[in-house]
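According to my numbering, the stretch in the sequence shown is residues 1 to 129, in order.
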Amino acid sequence: MSNFVERFLEERRRLKLNQQELADAVGISKRSIGNYERGERNPDAEVLVKLGEVGVNVCYLLTGKRISTRLGLEPMQRAVLDDFDRCTHEMQIEAVKYMALLAEGKVPSAPSKQVHKARTRNAEAKKSN
């Protein structure tokens with residue numbers, strides 16, 4: 001299990017933000033972000049709330065455990081979002097395009113073999129990252 005510093009850097013990279021972009025989104029200095037990533041300081045509660053608002057999984061940052069924050073969703077909605085989170089950025093873009101086509105009734109639903117293959121690729125992609 002990684003430590004806070006590693007998890008902080010992992011979350012920033014997951015969001016595809018550089019230090020300055022994250023600092024701007026949270027309303028703090030780039031230097032503060034650097035301090036967190038070097039383990040020289042820890043964010044206070046107010047900064048943690050702001051980090052959560054921009055998409056950082058604060059529970060994971062603090063505990064190393066990813067706990068779903070999707071409690072108000074139906075199980076199928078949660079499953080779709082959990083699968084989406086495991087995809088690469090490029091795969092997420094394709095998924096959004098495909099969902100838009102499905103919503104418009106322009107494509108048939110994917111056969112189960114294709115879904116299984118896609119999930120297998122997602123799992124393999126996650127392992128290689």
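Ideal Cβ positions, reconstructed from N, Cα and C, are used throughout, including at glycine.
Since I believe residue j is in contact with residue i (beta carbons under 8 Å), could you give me their beta-carbon distance rounded to a whole number of angstroms?
| i | j | result |
| --- | --- | --- |
| residue 19 | residue 33 | 4 Å |
| residue 7 | residue 72 | With a Cβ gap of about 25 Å, residue 7 and residue 72 do not count as contacting. |
| residue 61 | residue 11 | 6 Å |
Using only alpha-carbon positions, find the residue among the options that is nearest to residue i.
| i | options | result |
| --- | --- | --- |
| residue 39 | 24, 85, 91, 9 | 9 |
| residue 120 | 90, 94, 86 | 86 |
| residue 55 | 101, 100, 5, 13 | 13 |
| residue 125 | 90, 96, 66 | 90 |
Are there 16 or more other CB atoms within 10 angstroms of the CB of residue i, so buried, or fewer, so exposed?
| i | result |
| --- | --- |
| residue 1 | A caution first: residue 1 carries a pLDDT of 38, below 50, which makes its placement in the model unreliable, though a value can still be read off. By the neighbour-count rule (16 or more Cβ atoms within 10 Å), residue 1 is not buried but exposed. |
| residue 26 | buried |
| residue 75 | exposed |
| residue 107 | exposed |
| residue 98 | exposed |
| residue 3 | exposed |
| residue 47 | buried |
| residue 102 | exposed |
Residue i by DSSP, collapsed to three states: which one?
| i | result |
| --- | --- |
| residue 43 | coil |
| residue 78 | helix |
| residue 32 | helix |
| residue 138 | Nothing about residue 138 can be reported from this structure: the residues present for the chain run from 1 to 129 only. |
| residue 1 | Any reading at residue 1 must be qualified, since the residue scores a pLDDT of 38, below 50, and its modelled position is unreliable; the value itself is stated next. In the structure shown, residue 1 sits in coil (DSSP, three-state: anything other than H, G, I, E or B). |
| residue 93 | helix |
| residue 66 | coil |
If we define contact as Cβ-Cβ less than 8 Å, is residue i a contact residue for chain C?
| i | result |
| --- | --- |
| residue 61 | No chain C is present in this structure, which holds just one protein chain. |
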